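For reference, the structure is listed below as structure tokens.
In the numbering used here, the protein residues as written are 193 to 317.
Put into structure tokens, the structure is as follows:
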């Protein structure tokens with residue numbers, strides 16, 4: 193299973209497209225989590241577009257952000273900060289979702305390189 197970060201969804205939804213995401217959506221091999229859904233929906237300008245996206249997201253597997261996810265995200269954040277890496281807490285939550293669910297991350301966000309590539313799969317822009 194793969195989790196697409198919000199930057200990938202935004203690229204996909206813009207006129208630029210993102211072919212790999214479309215293939216994954218069609219094959220059922222892409223999941224969402226609450227942080228990604230919130231980030232994407234917060235940038236939508238029209239309510240009608242938001243409703244379409246809500247339906248699309250609802251049709252995909254959902255990787256829940258449990259207490260364990262948030263505790264792991266906090267640990268990741270502290271470790272990265274201690275090593276001098278400044279990564280947004282929301283990215284730590286997304287990374288924790290992937291690590292706990294053994295999902296790979298599809299992203300163009302350079303922050304995720306701080307987590308390594310063992311379970312996360314950054315995509316070069």
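From the three backbone atoms N, C-alpha and C, an ideal C-beta is built for every residue, glycine too. Keep in mind that this is a model prediction, so the values were computed, not measured.
DSSP puts residue i in a beta bridge; with which residues?
i: residue 222; result: 194
i: residue 248; result: The partner list for residue 248 (beta bridge, DSSP) is empty, contrary to what the question assumes.
Kindly indicate which residue of the options has the alpha-carbon position closest to the one of residue i.
i: residue 202; options: 305, 304, 306 and 300; result: 300
i: residue 276; options: 287, 295, 260 and 306; result: 306
i: residue 241; options: 282, 205 and 293; result: 205
i: residue 279; options: 304, 264 and 267; result: 304
Is the beta carbon of residue j closer than 8 Å to that of residue i?
i: residue 196; j: residue 298; result: yes
i: residue 198; j: residue 232; result: yes
i: residue 262; j: residue 285; result: yes
i: residue 269; j: residue 224; result: no
What's the call for residue i, buried or exposed, on a 16-neighbour Cβ count within 10 Å?
i: residue 250; result: exposed
i: residue 156; result: This structure cannot settle anything about residue 156, because the visible part of the chain is limited to 193 through 317.
i: residue 256; result: exposed
i: residue 302; result: exposed
With DSSP as the reference, label residue i as helix, strand or coil.
i: residue 258; result: coil
i: residue 206; result: coil
i: residue 275; result: coil
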